[in-house]
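Numbering (this note's numbering), first residue to last: -19 to 186.
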């Protein structure tokens, strides 16, 4: 009788253990079902943020290169500006440079500290750029009477690497960088040192 009772107890314990294990498996499955979407979203977010940070850094470098390369010149032929755009955009590699928009402008500040665009170029075609004579808002540190600066601006339309349905497109960059002419030419009716584009007259003389 004792042996029979012991056998029954073992069977009961085994049955109880199976039920406990099945319940734990069920709980684990529920926990996994809840946690998995959160983990996927977190992973996608980390991947996209890493890409955004890397591209944003390159856009800043691109903007700086546009401004610096242009400011080194004295007279700029239109063809040379095209070369500057194409050379600078290689900084974006290995990312898709076709998603970038770039603008270069020469801004002249007159005796009244009014900053106006003398000339501008943009790339690729269709990218909006300020027109000659447009008044520009520039930092006080830049707005010095009878001077000029080269302003460069670049932006990048970032599309999420994965998870397009969860994350929308983001425009990176689009912050101007200003550089004083390194080897400018005194031009315009006030003989202000500036980078002169070969097909337009110097400023101020809008």
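Note that the Cβ used here is the ideal one computed from N, Cα and C, for glycine as well.
ask   = Since residue 164 contacts residue 54 with CB under 8 Å, what's their CB separation in whole angstroms?
value = What you label residue 164 is simply residue 184 of the chain shown in a count that begins at 1. What you label residue 54 is simply residue 74 of the chain shown in a count that begins at 1. Right, the Cβ-Cβ distance comes to about 6 Å (below 8 Å), so this counts as a contact.
Check: Once you ignore the five residues that flank residue 46 on each side, which residues in its own chain have a CB closer than 7 Å to its CB?
Finding: Here residue 46 corresponds to residue number 66 of the chain shown, with the count starting at 1. Excluding residues within five positions, the ones whose Cβ falls inside 7 Å are 64, 68, 82, 84, 132, 134.
**Prompt:** How big is the Cα-Cα spacing for residue 36 and residue 92?
**Reply:** If you number the chain shown from 1, residue 36 lands on position 56. If you number the chain shown from 1, residue 92 lands on position 112. Their backbone Cα atoms lie some 36 Å apart in a straight line.
Would residue 113 be called buried (16 or more neighbouring beta carbons within 10 Å of its own) or exposed?
The residue labelled residue 113 in the question sits at position 133 within the chain shown. With fewer than 16 other Cβ atoms within 10 Å, it is exposed.
| field | Cβ-Cβ distance between residue 137 and residue 79 below 8 Å | value | Taking the chain shown and counting its residues from 1, one reaches residue 137 at position 157. Taking the chain shown and counting its residues from 1, one reaches residue 79 at position 99. Yes, Cβ-Cβ distance for residue 137 and residue 79 is below 8 Å.
Just to confirm before moving on: does the CB-CB distance between residue 51 and residue 157 stay below 8 Å? Indexing the chain shown from 1 puts residue 51 at position 71. Indexing the chain shown from 1 puts residue 157 at position 177. No; because the gap between Cβ atoms is not below 8 Å, this pair is not in contact.
Going by the CB atoms, is the gap between residue 172 and residue 117 shorter than 8 Å? By 1-based counting over the chain shown, the position of residue 117 is 137. By 1-based counting over the chain shown, the position of residue 172 is 192. Cβ atoms of residue 117 and residue 172: not closer than 8 Å.
Using the C-alpha atoms, what's the distance from residue 130 back to residue 160?
Locating residue 160 in the chain shown gives position 180, counting from the first residue. Locating residue 130 in the chain shown gives position 150, counting from the first residue. Spanning the two alpha carbons is a distance of roughly 6 Å.
- Message: Just verifying my parser: in three-state terms, what is the DSSP assignment at residue 48?
- Response: Here residue 48 refers to the residue found at position 68 when the chain shown is read from its first residue. Helix at residue 48.
How should residue 90 be labelled, buried or exposed, when 16 other C-beta atoms within 10 angstroms of its C-beta is the threshold for buried? Against the chain shown, residue 90 aligns to sequence position 110. Under this definition residue 90 is a buried residue.
Suppose contacts are defined by Cβ-Cβ distances below 8 Å. Is residue 56 in contact with residue 177 by that definition?
Locating residue 56 in the chain shown gives position 76, counting from the first residue. Locating residue 177 in the chain shown gives position 197, counting from the first residue. Yes, the pair counts as a contact, with Cβ atoms nearer than the cut-off.
| query | residue 55 by DSSP, collapsed to three states: which one? | reply | One-based indexing of the chain shown puts residue 55 at position 75. Residue 55 falls in the strand class under three-state DSSP.
task: State the start and end residues of the unbroken beta strand (DSSP E) segment that holds residue 153.
output: In the chain shown, residue 153 corresponds to position 173, counting from 1. Residues 150 to 153.
By DSSP, does residue 126 sit in helix, in strand, or in coil?
For the purposes of this step, residue 126 is taken as residue 146 along the chain shown, with counting starting at 1. Note: residue 126 maps to coil in three-state DSSP.
Where residue 39 falls, given that 16 or more other Cβ within 10 Å makes a residue buried = Within the chain shown, numbered from 1, the residue matching residue 39 stands at position 59. Classification for residue 39: buried.
Measuring straight from C-alpha to C-alpha, what distance separates residue 183 and residue 25? As a working mapping, residue 183 is identified with position 203 in the chain shown. As a working mapping, residue 25 is identified with position 45 in the chain shown. Between residue 183 and residue 25, the C-alpha separation is close to 48 Å.
Item to check | Residues near residue 105 by beta carbon distance below 6 Å, same chain, minus five either side | outcome: Here residue 105 corresponds to residue number 125 of the chain shown, with the count starting at 1. No residues qualify anywhere along the chain.
key: Backbone CA spacing between residue 108 and residue 101 [nearest angstrom]   = Residue mapping note: residue 108 aligns to position 128 of the chain shown, counting from 1. Residue mapping note: residue 101 aligns to position 121 of the chain shown, counting from 1. So the alpha carbons of these two residues sit roughly 9 Å apart.
*Determine which residues share a DSSP beta bridge with residue 174 and list them.*
Within the chain shown, the letter at position 194 stands for residue 174. In the DSSP output, where bridge partners are listed per residue, residue 174 has 165.
- Task: Would you decide whether residue 88 is buried or exposed? Buried here means 16 or more other CB atoms lie within 10 Å of its CB.
- Result: What you label residue 88 is simply residue 108 of the chain shown in a count that begins at 1. Residue 88 is buried by the Cβ-count criterion.
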